[in-house]
Structure formats: structure tokens, C-alpha cells
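S.K.: Order-wise, the sequence lines are chains A and B.
Residues in the first sequence are numbered from 42 upward in steps of one, following my numbering.
Residues in the second sequence are numbered from 42 upward in steps of one, following my numbering.
By construction, the Cβ of each residue, glycine as well, lies at the ideal position given by its N, Cα and C atoms.
Here the structure is a predicted model, which means the values were calculated and not measured.
There are 2 protein chains.
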Amino acid sequence: MAFSTSFVPEIRFGENIHETIGTAASSFGAKTAAIVIDGFLAQSGLAGRIASQLQAEGIAACVFCDFAGEPKIVHVRRATEAVAGADVVIGIGGGSALDIAKIAACCAVSGEDAMHYALAANPLPKNPLKKIMVPTTAGTGSETSATSIFAGPAGKKLWIWGAETKADLVLLDPVLTATLPANLTAWCGMDAFIHAFEAATNRNAHAGGKIYAHEALRLITGALETAVNEPDNLDARGKVLLGSCYAGIAIDNCGTAIAHTISHALAGLAPVHHGLATALGFEATLAWLVEADTADLNAAAKACGLAKAADLPAFVSGLMDRCGIVRALPNAFEALDAAVLAAEMKAAENQPMRRSTIREISDEDIARFAAIIMSLPKAA
Amino acid sequence: MAFSTSFVPEIRFGENIHETIGTAASSFGAKTAAIVIDGFLAQSGLAGRIASQLQAEGIAACVFCDFAGEPKIVHVRRATEAVAGADVVIGIGGGSALDIAKIAACCAVSGEDAMHYALAANPLPKNPLKKIMVPTTAGTGSETSATSIFAGPAGKKLWIWGAETKADLVLLDPVLTATLPANLTAWCGMDAFIHAFEAATNRNAHAGGKIYAHEALRLITGALETAVNEPDNLDARGKVLLGSCYAGIAIDNCGTAIAHTISHALAGLAPVHHGLATALGFEATLAWLVEADTADLNAAAKACGLAKAADLPAFVSGLMDRCGIVRALPNAFEALDAAVLAAEMKAAENQPMRRSTIREISDEDIARFAAIIMSLPKAA
Numbered sequence: 042m043a044f045s046t047s048f049v050p051e052i053r054f055g056e057n058i059h060e061t062i063g064t065a066a067s068s069f070g071a072k073t074a075a076i077v078i079d080g081f082l083a084q085s086g087l088a089g090r091i092a093s094q095l096q097a098e099g100i101a102a103c104v105f106c107d108f109a110g111e112p113k114i115v116h117v118r119r120a121t122e123a124v125a126g127a128d129v130v131i132g133i134g135g136g137s138a139l140d141i142a143k144i145a146a147c148c149a150v151s152g153e154d155a156m157h158y159a160l161a162a163n164p165l166p167k168n169p170l171k172k173i174m175v176p177t178t179a180g181t182g183s184e185t186s187a188t189s190i191f192a193g194p195a196g197k198k199l200w201i202w203g204a205e206t207k208a209d210l211v212l213l214d215p216v217l218t219a220t221l222p223a224n225l226t227a228w229c230g231m232d233a234f235i236h237a238f239e240a241a242t243n244r245n246a247h248a249g250g251k252i253y254a255h256e257a258l259r260l261i262t263g264a265l266e267t268a269v270n271e272p273d274n275l276d277a278r279g280k281v282l283l284g285s286c287y288a289g290i291a292i293d294n295c296g297t298a299i300a301h302t303i304s305h306a307l308a309g310l311a312p313v314h315h316g317l318a319t320a321l322g323f324e325a326t327l328a329w330l331v332e333a334d335t336a337d338l339n340a341a342a343k344a345c346g347l348a349k350a351a352d353l354p355a356f357v358s359g360l361m362d363r364c365g366i367v368r369a370l371p372n373a374f375e376a377l378d379a380a381v382l383a384a385e386m387k388a389a390e391n392q393p394m395r396r397s398t399i400r401e402i403s404d405e406d407i408a409r410f411a412a413i414i415m416s417l418p419k420a421a
Numbered sequence: 042m043a044f045s046t047s048f049v050p051e052i053r054f055g056e057n058i059h060e061t062i063g064t065a066a067s068s069f070g071a072k073t074a075a076i077v078i079d080g081f082l083a084q085s086g087l088a089g090r091i092a093s094q095l096q097a098e099g100i101a102a103c104v105f106c107d108f109a110g111e112p113k114i115v116h117v118r119r120a121t122e123a124v125a126g127a128d129v130v131i132g133i134g135g136g137s138a139l140d141i142a143k144i145a146a147c148c149a150v151s152g153e154d155a156m157h158y159a160l161a162a163n164p165l166p167k168n169p170l171k172k173i174m175v176p177t178t179a180g181t182g183s184e185t186s187a188t189s190i191f192a193g194p195a196g197k198k199l200w201i202w203g204a205e206t207k208a209d210l211v212l213l214d215p216v217l218t219a220t221l222p223a224n225l226t227a228w229c230g231m232d233a234f235i236h237a238f239e240a241a242t243n244r245n246a247h248a249g250g251k252i253y254a255h256e257a258l259r260l261i262t263g264a265l266e267t268a269v270n271e272p273d274n275l276d277a278r279g280k281v282l283l284g285s286c287y288a289g290i291a292i293d294n295c296g297t298a299i300a301h302t303i304s305h306a307l308a309g310l311a312p313v314h315h316g317l318a319t320a321l322g323f324e325a326t327l328a329w330l331v332e333a334d335t336a337d338l339n340a341a342a343k344a345c346g347l348a349k350a351a352d353l354p355a356f357v358s359g360l361m362d363r364c365g366i367v368r369a370l371p372n373a374f375e376a377l378d379a380a381v382l383a384a385e386m387k388a389a390e391n392q393p394m395r396r397s398t399i400r401e402i403s404d405e406d407i408a409r410f411a412a413i414i415m416s417l418p419k420a421a
């Protein structure tokens with residue numbers, strides 16, 4: 042047994058903990074802060090309240106919210122200009138806001154364009170701006186991962202990876218997730234569940250990552266259905282939020298597997314919510330995956346409260362049912378077929394997740410999984 | 042539920058991982074390194090091998106090993122001078138070496154004496170030297186805690202506390218612990234077990250800390266007896282080492298309780314190994330403690346593989362038996378009595394651990410526990 046675990050940021054968890062952002066930024070010695078926040082959250086008044094809390098501690102704050110949807114290089118470039126000169130970057134929102142904030146905090150100190158760092162072309166600066174991450178969805182785990190994803194100039198999905206992009210402090214406030222609609226709560230929650238599951242069971246799984254992965258499975262299994270069906274239940278919201286944060290730590294250390302091969306391939310074809318795409322890919326492959334019947338698969342099943350790995354497919358389908366997840370792809374997939382998806386699953390950028398999967402994935406497996414996915418109704 | 046968890050350093054675990062120290066230090070951009078190492082380890086050739094590994098990466102290294110026994114202020118001062126000007130401080134050894142290295146890495150950048158920071162009198166510098174910690178005993182958890190202990194000018198035990206003292210990187214190498222004698226393996230291992238147990242069950246216990254505490258209990262319970270009785274069993278050595286590191290994270294977040302009130306009080310009276318003193322204090326109070334029968338106590342019992350909290354006292358006494366722990370105090374305690382120990386347990390510096398204990402501790406309880414401890418044979 043040999044393994045490494047990357048550093049885990051300081052985490053502060055609790056209802057209304059986001060109201061302590063002023064003292065948190067002050068503890069870094071910050072005099073100026075840049076807030077990277079989703080536009081609809083900025084309009085809700087949250088950006089203003091955060092800025093006031095910072096100003097109360099003598100910290101001048103600017104707000105950047107000029108982005109929408111999945112991050113594009115143009116958003117990252119504008120964010121980099123916006124945060125330049127700040128002592129601390131505060132990312133607030135879903136995975137997109139956090140990813141943009143993480144990249145901008147690195148590019149702003151070096152003066153390099155984000156493309157300079159894309160796909161690990163060059164090492165990141167050792168002294169990025171301090172970063173505080175405040176997720177308002179419970180799913181991506183971007184607040185604790187070293188990966189940020191954006192679309193390059195040609196529209197192709199690129200990633201920047203490195204411990205330099207990681208948060209110094211994470212504030213987890215269930216109150217901020219309470220307005221997330223039921224379908225997004227379910228999709229993001231399943232994304233987090235699958236992060237934890239794949240990190241705990243793939244070829245890169247190790248003891249250090251499994252601590253967080255298993256806790257995430259326990260937390261999400263125990264609370265996701267309630268969080269979806271009782272949106273104001275802050276206890277359940279908190280457990281899913283904490284679980285998704287821990288799942289982010291798990292993938293930061295051990296990565297993902299086949300479900301993410303499928304969801305990244307789907308995203309390469311047409312717009313689809315990452316959590317939904319991942320859940321569909323997971324459900325389509327789980328019965329095949331658990332045939333491996335490894336110790337890790339059985340341990341993950343136990344963390345979900347099950348007796349054995351073979352019980353997982355029925356359990357996961359039942360959880361998705363109870364969370365109201367409709368098994369359907371967006372209409373944009375109507376014009377596409379299984380061969381196109383299979384080809385995308387075999388694209389170079391999706392091979393690491395294929396290779397890390399605990400079972401060998403043949404091209405016939407790829408074709409079969411693609412056929413299952415593309416046979417889903419187009420309606421979502 | 043609301044809680045905070047302090048950052049967890051990067052951890053690299055594996056047999057012979059200490060041989061990667063050169064590339065590890067190089068990844069921090071270090072050109073010079075200061076090695077703080079126990080004298081007997083320096084004489085064994087380990088300091089020279091570490092220096093060679095650093096030099097192979099172009100890093101000049103100096104060695105400081107001018108200390109022995111529990112750290113004293115004079116050792117800390119000399120270490121601070123020795124590490125000044127280095128880019129990275131490498132602590133190698135037991136808790137004393139690591140504690141000295143952690144303090145010196147802070148004092149060297151500010152130019153302040155360690156007494157300036159003792160008992161939190163002043164805030165630590167925000168930009169300490171980079172720190173790599175390499176424990177060669179499995180017990181204190183100093184490699185992952187924010188606490189360092191030393192004796193002040195008057196001989197009184199003082200502590201320096203702060204995230205600034207924490208390691209940036211921890212290397213856990215079971216090979217380095219394989220020469221630890223059986224009695225020290227047992228005493229240090231019980232110290233780590235009790236760190237985990239107290240952190241998981243005291244009034245400050247929380248979900249974030251319990252993740253590590255329970256994993257530590259599982260690891261140490263499953264491997265300590267083997268590590269004591271089969272010194273070359275690197276699998277068992279590794280599990281106890283990893284468990285003590287995780288127990289360090291647990292106390293970094295949640296602190297200790299009554300067993301540490303007793304062991305610190307004993308140490309205030311006469312020299313005694315911290316692990317032995319803590320184990321004796323734990324065994325003397327556990328039956329009383331588990332009467333509280335809290336959910337946390339029962340969860341800790343389950344992490345030890347037991348059905349319920351009430352099973353803990355017999356289990357712990359059996360574990361101590363199987364690890365060959367002789368229930369006896371050093372001869373220096375012959376001249377002391379229970380009243381002296383009770384008074385020391387009531388000293389101001391031991392009250393935080395008394396207050397954090399899950400049961401209220403009356404003065405009558407203190408007297409009873411002191412009587413149990415002081416009635417032990419004096420022979421160790």
C-alpha cells in the first residue's frame with residue numbers, strides 16, 4: 042500500500058456561515074477582494090450582502106458576474122482582468138463560478154492567459170491569489186478539487202489542473218443551497234454520489250481517498266431524497282452539501298471512471314446538464330460494473346447501507362426514481378445516434394476515465410453502453 | 042450541526058517514501074534545507090542520507106540535532122538559529138524533533154523568540170518557512186497537528202498553537218518506524234489510539250474530526266498488537282503510522298480529554314513517557330467515562346469492532362495486555378502521593394481537557410482517579 046493525498050483546505054460548515062466571509066477574508070490579511078459570482082445570485086442581492094460583509098472588515102470588494110452557462114475562455118479572461126490586484130478571490134455559485142474563480146486567481150498573478158496552462162501545458166504560478174470558495178449547489182465538488190473546466194477558443198472542453206488552483210478556505214452553507222430546484226438538487230446530488238462511488242472503486246482508489254468517498258456515500262445516501270423532496274430541510278441540504286464537498290476531495294485524489302467517460306462524451310455532442318448525463322451513464326453501466334465484485338465495490342455498497350455490491354444497481358435506480366430523475370436526454374440529442382456517442386467515448390480526452398475503470402472496457406462494451414444511452418427518450 | 046476543520050497537509054505514504062525527500066523539497070522551489078533530526082537518528086546515518094538526497098536535487102542542507110528528551114526552550118532557540126536562512130525545514134524523528142522544527146520554522150522568519158508566541162501571547166507570522174515532517178515514531182501526531190510543546194525557562198511545559206506551525210507536506214514511511222522498540226511502539230500506539238478516541242467522543246467532537254478519528258481507531262485497533270509483536274511487519278507498522286497521523290488530524294480539530302489531563306499532570310510531577318502516562322490515565326478512567334453511554338462513545342466502540350461502548354474497558358485493557366504494557370509508573374513517582382497528583386490535575390493548564398471531557402468531572406472524581414494512578418507499582 043502506497044498513496045498520496047493532496048492537501049485538504051480549511052472547511053467551515055454551518056447555517057449562515059457565509060455571513061462570516063468578512064472576518065474570513067480579513068484573516069488572510071486581505072485589503073481588497075474580488076467576488077466571482079453567478080449573475081442570478083448577484084441580482085438576488087447576495088453579491089451586495091457579501092460586499093457589505095467585506096466592507097465591514099475594511100475590505101474593498103469588486104464583483105464579477107459576466108458569465109453564463111458552462112465557462113468559456115472569454116469568461117475566464119474577463120474574470121482574470123477583474124480579479125487582478127485583489128488580495129483574495131471569492132468564488133460563489135455553482136461549479137462554473139468556482140472554476141472561473143480558481144483559474145482567474147492563478148492567471149492574475151502570472152499575467153499569463155488561461156490557454157498557457159490548459160491541459161498542463163505549463164506549470165501554474167506557485168503564489169496564486171488567496172481563494173475562498175462558497176458553493177451554492179451541492180454536486181461538482183469544485184470547491185475542494187484541483188480541476189477547473191472551460192471551453193477553449195474552438196469550443197473544445199479544456200481543463201486546468203494543479204494544487205495551485207485549490208481553495209484556501211471553503212465555506213459550506215446549506216442555506217445557500219435551499220433555493221436550488223428539485224431537478225438540479227437531484228442531478229447535482231447524483232453527480233456527487235457518483236464522484237464518491239467512482240473515486241472509491243476505480244483503479245486509482247486508495248485508503249486516503251476512500252475515507253472521504255465513503256463518508257460522502259453515507260451522507261448523500263442518507264439525505265439526497267429528503268433534500269429533493271423537502272427543499273427547506275436544511276439538515277438534509279447540509280448533508281448533501283458536505284457529502285459533495287467530501288466527494289470533491291475523493292475525486293481530487295482518485296479521479297472518476299466510466300460514468301464520466303459517458304457524461305463527458307455526451308457533453309461533447311450537445312448541451313446536457315453534467316449531473317444528469319453522469320447519472321444516466323452511471324445507471325447504464327452499473328450492473329456491468331458490479332460484476333467485477335471487488336472488495337472496493339463491496340465496501341462502497343456497505344457505505345450505502347447495502348449488504349453487497351450486487352445490490353447496488355437496484356438501489357441506485359430506486360434512489361434516482363425517488364429523486365424524480367426522468368431518464369431522458371435533451372431534444373438536441375434527437376439528431377444523434379449511438380455510433381456518434383461511441384466515437385466520442387473513444388476520443389483521446391475520455392480515455393483516462395475509461396482506463397481507470399475497474400473493469401476492462403472493450404469497444405463492444407462502448408458500443409453497447411452508447412446504444413443504451415442513445416435509446417433513452419429525448420425530452421428533458 | 043456546525044463545525045470547522047483546519048487544513049490537512051499533503052500526505053505521502055509508503056515504504057521508503059522518505060527517499061523522495063529531495064524531489065519533495067525541490068517541488069517547493071527550495072535551494073537550501075535545514076534538517077531537524079533526533080541525535081541518534083543523525084548518528085545512524087539517516088541525516089547524511091537525507092542530505093545526500095537533497096543535494097542530488099541541488100539543495101544544500103544543514104543538520105541540527107543538538108537536543109535530547111522533551112524539548113526545552115534552549116533547544117528551540119538553537120534550532121531557530123540553525124534553520125534561519127533555509128527555504129524549507131525538514132523535521133525527522135519523534136514528537137520532540139517535529140515540535141522543535143515546527144516552532145523554529147515560524148521563529149526564524151519573524152526573528153522573535155519562541156516565548157513571544159508561547160501560550161498564544163502573540164499571533165504567529167503568516168509566512169513561516171515551508172515544512173516537511175517525517176515522523177519516525179507512530180504516536181504523537183505532531184506531523185499533522187498545530188500544537189508544539191516545550192519547557193520554558195522555568196521548566197514549565199508551554200505550548201505554541203497555530204495553523205502557521207503546521208506541515209506543508211508529511212512523509213509517512215513505515216520503514217523508519219521498524220526499529221522502534223516494543224515498549225515504545227506500544228506506548229506511542231496507545232497514545233495515538235487515545236488521541237483518536239478522545240477526539241471522537243469529547244464535547245468538541247464533530248463530524249469533520251470523526252472521519253479521521255474513526256479511521257484511526259480502525260487502523261490502530263487492527264494493527265497495533267501485530268506491530269508490537271512483529272517489529273518487521275511493515276504492513277502493521279504502516280497502519281499504526283497512518284492511524285497516528287490521522288489521530289493527529291483528529292486532535293488538531295477536536296482536542297483531547299480526561300486521559301490527557303492525567304498524563305499532563307503526571308508529566309508535571311516527574312519524567313514519564315507521554316504515551317505510557319496517557320494509557321494509564323485512559324485505563325483508569327474508561328469504565329467511568331463509558332457510563333455516559335453517548336452516541337459518540339458507541340460510534341467509537343463500533344470503529345474498534347465492538348458492539349457497544351460498555352465493551353470498551355475490557356477491550357482496551359486486553360489490548361494493553363496483548364501489547365505488553367506494564368501498569369507501573371517510573372521510580373521517581375515513589376515519593377509522590379495522590380493528593381499531589383490531584384492538585385496537578387486541577388492546575389489551570391489542565392482544565393481545558395477536563396472541561397472537554399463528555400462527563401462532568403467533580404473534585405471527588407479527580408481524587409479517585411489520582412488514587413488509582415498513584416496506587417500503581419513504581420517500577421517502569
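Excluding the 5 residues preceding and the 5 following residue 119 (chain B) in the sequence, name in chain order all residues of the same chain whose CB lies nearer than 8 angstroms to its CB.
M.R.: 105, 107, 108.
S.K.: Quick one: any contact between the region 71–88 of chain B and the region 285–299 of chain B, if contact means 3 or more CB pairs under 8 angstroms?
M.R.: With the cut-off at 8 angstroms, the region 71–88 of chain B and the region 285–299 of chain B do not touch.
S.K.: Which residues share a DSSP beta bridge with residue 77 (chain A)?
M.R.: Residue 77 (chain A) pairs with A:105, A:132.
S.K.: Please work out which residues of its chain come closer than 6 angstroms, Cβ to Cβ, to residue 374 (chain A), disregarding the five sequence neighbours upstream and downstream, and give them in chain order.
M.R.: Within the same chain, residue 374 (chain A) has close Cβ partners 311, 419.
S.K.: Buried or exposed: residue 403 (chain B), going by 16 or more other Cβ atoms within 10 Å of its Cβ?
M.R.: So residue 403 (chain B) counts as exposed.
S.K.: Using a Cβ-Cβ distance under 9 angstroms, would residue 47 (chain B) count as near chain A?
M.R.: It does; some Cβ of chain A falls within 9 angstroms.
S.K.: Tell me whether residue 112 (chain A) is buried or exposed, calling it buried when 16 or more other Cβ atoms sit within 10 Å of its Cβ.
M.R.: The residue is buried, with at least 16 neighbouring Cβ atoms inside 10 Å.
S.K.: The alpha helix (DSSP H) with residue 386 (chain B) in it runs from where to where?
M.R.: Its alpha helix (DSSP H) spans residues 379–386.
S.K.: Does the pairing of the region 338–356 of chain B with the region 375–382 of chain B give three or more beta-carbon distances under 8 angstroms?
M.R.: Contact fails: fewer than three Cβ-Cβ distances are below 8 angstroms.
S.K.: What residues of chain A sit near residue 238 (chain B), judged by a beta carbon separation below 9 angstroms?
M.R.: Near residue 238 (chain B) there are no residues of chain A at all, since even the closest Cβ is about 17 angstroms away, more than 9 angstroms.
S.K.: Report the partner residues of residue 171 (chain A) according to the DSSP bridge assignment.
M.R.: Answer is A:129.
S.K.: Can you tell which of A:160, A:75, A:167 has its C-alpha closest to the C-alpha of residue 125 (chain A)?
M.R.: Of the listed residues, the one whose Cα sits closest to residue 125 (chain A) is A:75.
S.K.: Contact criterion: CB-CB distance below 9 angstroms. Does residue 166 (chain A) meet it with respect to chain B?
M.R.: Residue 166 (chain A) does not count as touching chain B.
S.K.: Leaving aside the five residues before and after residue 305 (chain B) along the sequence, list all residues of the same chain whose C-beta is less than 6 angstroms from its C-beta, in chain order.
M.R.: 391.
S.K.: Counting Cβ pairs closer than 8 angstroms, one from the region 406–418 of chain A and one from the region 331–347 of chain A, do we hit at least three?
M.R.: Output reads no: the region 331–347 of chain A does not touch the region 406–418 of chain A.
S.K.: Just checking: is the beta-carbon of residue 51 (chain B) within a distance shorter than 9 angstroms of some beta-carbon in chain A?
M.R.: Answer yes: the Cβ-Cβ gap between residue 51 (chain B) and chain A drops below 9 angstroms somewhere.
S.K.: Would the region 130–148 of chain B and the region 193–211 of chain B be scored as touching if the rule is three or more Cβ pairs under 8 angstroms?
M.R.: Touching, yes.
S.K.: Cβ closer than 9 angstroms: which chain B residues qualify as neighbours of residue 174 (chain A)?
M.R.: Near residue 174 (chain A) there are no residues of chain B at all, since even the closest Cβ is about 13 angstroms away, more than 9 angstroms.
S.K.: Give the secondary structure of residue 48 (chain B) by DSSP, where H, G and I count as helix, E and B as strand, and everything else as coil.
M.R.: Three-state DSSP puts residue 48 (chain B) in coil, outside helix and strand.
S.K.: Which residues, taken in chain order from the region 239–260 of chain A, show a beta carbon closer than 8 angstroms to some beta carbon of chain B?
M.R.: So the list reads 248, 249, 252, 253, 256, given in the order they occur along the chain.
S.K.: Could you name the residues of the same chain whose beta carbon sits closer than 6 angstroms to that of residue 383 (chain A), not counting the 5 residues immediately before and after it, in chain order?
M.R.: These residues qualify, in order along the chain: 407, 408, 411.
S.K.: When the cut-off is 9 angstroms and only beta carbons count, does residue 209 (chain A) lie next to chain B?
M.R.: For residue 209 (chain A), the answer is yes, since a Cβ of chain B falls inside 9 angstroms of its Cβ.
S.K.: Once you ignore the five residues that flank residue 70 (chain A) on each side, which residues in its own chain have a CB closer than 8 angstroms to its CB?
M.R.: Here the set comprises 128.
S.K.: Contact check, residue 370 (chain A) vs residue 417 (chain A) under 8 angstroms by CB: the rounded distance?
M.R.: Contact flag correct, Cβ pair sits at about 5 angstroms.
S.K.: Using C-beta distances below 8 angstroms, list every residue in its chain close to residue 42 (chain A), excluding the 5 sequence neighbours before and after it, in chain order.
M.R.: Excluding sequence neighbours, residue 42 (chain A) sits near 247, 248.
S.K.: Are the C-beta atoms of residue 42 (chain B) and some chain A residue less than 9 angstroms apart?
M.R.: Output row for residue 42 (chain B): interface = yes.
S.K.: Going by DSSP in three states, residue 54 (chain A) sits in which element: helix, strand or coil?
M.R.: Here residue 54 (chain A) sits in strand by DSSP.
S.K.: Roughly how far, in whole angstroms, is the beta-carbon of residue 133 (chain B) from the beta-carbon of residue 82 (chain B), given that I think they are within contact range, below 8 angstroms?
M.R.: That pair is a contact at about 6 angstroms.
S.K.: In the structure shown, what three-state DSSP assignment does residue 178 (chain A) receive?
M.R.: Of the three classes helix, strand and coil, the one that applies to residue 178 (chain A) here is coil, per DSSP.
S.K.: Taking only beta-carbon positions, decide if residue 62 (chain A) is within less than 9 angstroms of chain B.
M.R.: Closer than 9 angstroms: no.
S.K.: Give the single residue among B:186, B:194, B:262, B:135 whose Cα lies nearest to the Cα of residue 159 (chain B).
M.R.: The shortest C-alpha separation from residue 159 (chain B) is found at B:194.
S.K.: Could you tell me whether the Cβ of residue 217 (chain A) comes closer than 9 angstroms to any Cβ of chain B?
M.R.: Not one chain B Cβ lies under 9 angstroms of residue 217 (chain A).
S.K.: Exposed or buried, residue 401 (chain B), counting other C-beta atoms within 10 Å across all chains shown (16 or more means buried)?
M.R.: Exposed: under 16 other Cβ atoms inside 10 Å.
S.K.: Under 9 angstroms between C-beta atoms, does residue 287 (chain A) make it to chain B?
M.R.: Interface residue, yes.
S.K.: Compare the Cα-Cα distances from residue 326 (chain A) to each of A:413, A:180, A:51, A:115 and report the closest residue.
M.R.: Selected option, being the one with the closest Cα: A:413.
S.K.: Assuming residue 230 (chain B) contacts residue 313 (chain B) (C-beta within less than 8 angstroms), just tell me the rounded distance between them.
M.R.: So it is not a contact: roughly 17 angstroms between Cβ atoms.
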